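Residues 7 to 418 (this note's numbering) are what the sequence shown spells out, left to right.
Shown next, in structure tokens, is the structure this report addresses.
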Amino acid sequence: MTEELLIAEPPAPQLNAIYFGPNGLRAGWGILMFLLLLGFGFMGLSIATQVQHLARPTPEMLAHPFFTPKAQLAEDVLYIAMVVCAAFLFGRRSVASAGKAALVSLLLAVSVLLLAAGIFHVSQVQKQKAAEHKQADMTKSPPSSAPAANAGMQESQTLVSEAINFGVVLLVTFLMSRIERRNFGEYGLGGNSRRWPQLAQGLMLGFTSLSLLVLGLYLGHWITFGGFLLHGAGPVLKNGILWLIAFTFVGFFEEFAFRGYLQYTLARGIGHGWVGFFAAALLFNFGFGFLHGSNPGESIIGLWTAGLIGFVFCISLWYTRSLWWAIGFHATWDWGESYFYGTADSGGVSQGRLLDTHPQGKLLLSGGTTGPEGSALCLVIIAVIVLLIWATLRHERSKSANQALVNPSANA
């Protein structure tokens with residue numbers, strides 16, 4: 007009689023239930039790791055600045071022992087080390103034992119404290135600069151960190167800074183997709199075959215919707231045009247193209263940052279299909295809207311419209327399963343405001359704009375220094391946009407679902 011020896015395979019290691027659930031890394035920890043990695047990206051960019059300050063520290067930098075260039079550099083390096091270690095342990099699923107779980111908890115706690123310290127430092131620097139500018143206005147002498155004399159370079163600076171911001175968010179989202187072992191395309195920039203038509207439709211409707219808003223303000227005598235600020239085909243085309251590229255990066259950055267990984271992950275964590283999706287949309291987009299409160303000249307209506315427009319972008323995301331329509335709409339809406347019509351955009355006015363436009367009349371209707379988004383008329387336009395999305399995009403969800411069944415790798 008022959009006995010068969012059965013060699014059982016070793017059981018798979020049990021993941022720590024605090025950090026991992028049936029669907030992988032729990033949503034709350036994923037969001038925290040995403041935010042810490044964002045801080046990692048921007049702190050990494052600031053290291054070069056801190057190295058430069060080591061050679062030429064100003065008296066203000068040496069006034070506080072925790073704000074010296076050496077202290078800031080050490081803080082940035084320590085933060086990066088903590089976040090990298092936590093991301094490595096999550097990615098390797100190396101949190102099964104109680105000891106490693108405690109280590110991850112310690113790494114995350116220290117990282118959060120260092121990030122909070124960095125944010126506090128930035129806020130102190132901004133207060134110092136604001137005080138310098140206020141003192142300069144009173145004494146008519148330039149502050150120590152006066153802006154560049156060539157203000158016409160604003161469009162190029164915006165383009166570069168927004169491209170860097172988008173690059174950081176893109177990299178962090180890719181890292182989170184590797185850590186969570188998910189498809190990168192699930193976060194809104196996947197290989198949807200309808201992305202180019204959706205992008206083109208968003209580009210067209212963004213400028214058209216903004217033009218309807220400006221037309222309504224003009225017919226109601228709530229804005230006035232002061233003429234052209236640019237003359238000649240060369241400056242018009244150059245500034246127009248530069249601003250269009252810059253605002254395209256703005257669209258990519260803001261849509262992917264707020265309605266990419268964060269929206270997907272929180273909706274996954276809440277669950278219950280469309281209920282979880284729109285609950286996450288409400289939380290993130292009205293939070294995004296009220297982040298505009300730090301902008302100069304912003305108003306209460308402007309804050310609400312910013313949140314509502316973000317929620318409208320989530321409606322397009324629900325129907326299309328992608329961010330391409332929202333990116334296109336966001337880009338040309340901002341371009342129309344800041345460059346073409348030359349109005350204020352969330353309280354700021356751009357250099358190198360085409361038209362010289364000013365609000366007039368009642369603040370509730372003109373938008374005042376907030377711009378068209380601060381006008382009550384913008385709420386009507388938002389309602390029209392929702393109807394347009396329903397009319398033009400409601401069938402896109404079934405199309406993208408059918409595409410995923412035919413080609414499962416479409417979102418890769």
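Backbone N, C-alpha and C fix where the C-beta goes; we use that ideal spot for every residue, glycine too.
Computed from a predicted model, the values in this text were never measured in an experiment.
Presumed contact (8 Å Cβ cut-off) between residue i and residue j, rounded CB distance
{"i": "W339", "j": "L216", "result": "5 Å"}
{"i": "N291", "j": "F264", "result": "7 Å"}
{"i": "Q366", "j": "H227", "result": "7 Å"}
{"i": "G295", "j": "W310", "result": "7 Å"}
{"i": "Y347", "j": "V220", "result": "5 Å"}
C-beta atoms of residue i and residue j nearer than 8 Å
{"i": "E161", "j": "A104", "result": "no"}
{"i": "G222", "j": "L383", "result": "yes"}
{"i": "G246", "j": "I333", "result": "no"}
{"i": "R359", "j": "S344", "result": "yes"}
{"i": "E261", "j": "G308", "result": "no"}
{"i": "E304", "j": "T363", "result": "no"}
{"i": "I37", "j": "T271", "result": "yes"}
{"i": "L361", "j": "L225", "result": "no"}
{"i": "G45", "j": "T179", "result": "no"}
{"i": "A123", "j": "E168", "result": "no"}
{"i": "A337", "j": "G212", "result": "yes"}
{"i": "L250", "j": "W341", "result": "yes"}
Neighbourhood of residue i by C-beta distance below 8 Å, restricted to the same chain and skipping five residues each side
{"i": "A92", "result": "M39, L42, V110, L113, L114 and S117"}
{"i": "L177", "result": "G47"}
{"i": "A206", "result": "G334"}
{"i": "Y25", "result": "L31, R32, W35, F96, V101, A107 and V110"}
{"i": "E402", "result": "R200, Q204, Y325, T326 and R327"}
{"i": "G240", "result": "none"}
{"i": "L288", "result": "F317"}
Cβ shell of residue i (< 6 Å), same chain only, five flanking positions each side left out
{"i": "E186", "result": "G30 and L31"}
{"i": "A154", "result": "For A154, the pLDDT reaches just 34, beneath the cut-off of 50, and the residue's location in the model is therefore unreliable, although a value from the coordinates is still provided. Same-chain partners within the cutoff: there are none."}
{"i": "I391", "result": "S215 and V318"}
{"i": "A273", "result": "G282, F283 and A286"}
{"i": "A77", "result": "none"}
{"i": "L394", "result": "none"}
Same chain, Cβ closer than 7 Å to residue i, five either side skipped, listed in chain order
{"i": "M159", "result": "A caution first: M159 carries a pLDDT of 47, below 50, which makes its placement in the model unreliable, though a value can still be read off. Cβ within range, chain order: n/a, list empty."}
{"i": "L218", "result": "I387"}
Counted within 10 angstroms of its Cβ, other Cβ atoms place residue i as buried (16 or more) or exposed
{"i": "I229", "result": "buried"}
{"i": "S322", "result": "buried"}
{"i": "P203", "result": "exposed"}
{"i": "G462", "result": "Examination of residue 462 is not possible in this model, given that the chain is present from 7 through 418 alone."}
{"i": "S147", "result": "Low local confidence applies: a pLDDT of 46 at S147 is under 50, so the model's placement there is unreliable, with the coordinate-based value given in what follows. S147 comes out exposed."}
{"i": "I125", "result": "exposed"}
{"i": "H237", "result": "exposed"}
{"i": "S404", "result": "exposed"}
{"i": "S415", "result": "With a pLDDT of 45 at S415, under the threshold of 50, the modelled position of this residue cannot be trusted; read the value that follows with caution. Label assigned to S415: exposed."}
{"i": "L120", "result": "buried"}
{"i": "Q163", "result": "exposed"}
{"i": "L243", "result": "exposed"}
{"i": "S151", "result": "Residue confidence for S151 is low, a pLDDT of 36 falling below 50, so the modelled location carries little weight; the figure read from the coordinates is stated next. S151 comes out exposed."}
{"i": "G293", "result": "exposed"}
{"i": "V166", "result": "exposed"}
{"i": "M210", "result": "exposed"}
{"i": "R188", "result": "buried"}
{"i": "L268", "result": "buried"}
{"i": "N156", "result": "Low per-residue confidence applies at N156: pLDDT is 37, beneath 50, and the placement is therefore not dependable, though the value from the model is reported in the following sentence. The residue is exposed, with fewer than 16 neighbouring Cβ atoms inside 10 Å."}
Cutoff 8 Å: residue i Cβ touching any chain C Cβ
{"i": "S381", "result": "Given the protein chain composition of this structure (a single chain), no chain C is represented."}
Are at least three pairs of beta-carbons, each pair with one atom in the region 195-204 and one in the region 279-295, less than 8 Å apart?
-> no
Cβ pair count under 8 Å reaching 3, the region 165-184 against the region 254-261 | yes
Count the C-beta pairs between the region 336-354 and the region 186-197 that are closer than 8 Å, then say yes if the count reaches three, no if not.
-> no
Counting Cβ pairs closer than 8 Å, one from the region 373-390 and one from the region 308-318, do we hit at least three?
-> yes
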